[in-house]
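Asks: So the number in our numbering is just where the residue sits in the sequence shown, counting from 1, plus 675.
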Amino acid sequence: MMRKIVLASAFVGALASCTATERGTAIGAGTGAIIGGAVSNSVEGAAVGAVAGGVAGALIGRSTERRGYCVYRDRYGRTYEARC
């Protein structure tokens, strides 16, 4: 139990100095890997989940860095930022 607490504290401490995009990427990749591995019971599923979660986390983190800007998607699927 103590080992888990120390590992979690180290992970949180490492993320404290990151930008919102970096934190979003790390949290998204970790969460995606856990969910992908649990759903598929395979390493490949965890890898796919980590990539998908990392991309989603990076987009969400990036959108929070620029206050007053929102991320929009056009009808062709392209994303862009504009004032909210």
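Even for Gly, the Cβ is constructed at its ideal location relative to N, Cα and C.
Here's a check: name, in chain order, each residue in its chain whose Cβ is nearer than 7 Å to the Cβ of residue 729, leaving out the five neighbours to either side.
Replies: Looking up residue 729 in the sequence shown gives position 54. Cβ within range, chain order: 700, 703, 704 and 707.
Asks: DSSP state of residue 750, grouped into three classes?
Replies: Translated into the one-based positions of the sequence shown, residue 750 becomes position 75. The answer is coil: DSSP assigns residue 750 none of H, G, I, E or B.
Asks: Compare the beta carbon distance of residue 754 and residue 748 with 8 Å and say whether it is the shorter of the two.
Replies: One-based indexing of the sequence shown puts residue 754 at position 79. One-based indexing of the sequence shown puts residue 748 at position 73. For residue 754 and residue 748, yes; Cβs fall inside 8 Å.
Asks: With distance defined between alpha-carbon atoms, name the residue in 731, 709 and 750 nearest to residue 696.
Replies: For the purposes of this step, residue 696 is taken as residue 21 along the sequence shown, with counting starting at 1. Ranking 731, 709 and 750 by Cα distance to residue 696 puts 731 first.
Asks: Going by DSSP, what residue range makes up the alpha helix (DSSP H) through residue 717?
Replies: The residue given as residue 717 occupies position 42 in the sequence shown. That residue, residue 717, is in no alpha helix (DSSP H); it is neither H nor E in DSSP.
Asks: Have a look at residue 746 and residue 734 and give me their C-alpha separation to the nearest angstrom.
Replies: As a position in the sequence shown, residue 746 is number 71, starting the count at 1. As a position in the sequence shown, residue 734 is number 59, starting the count at 1. Cα to Cα, the separation comes out at about 8 Å.
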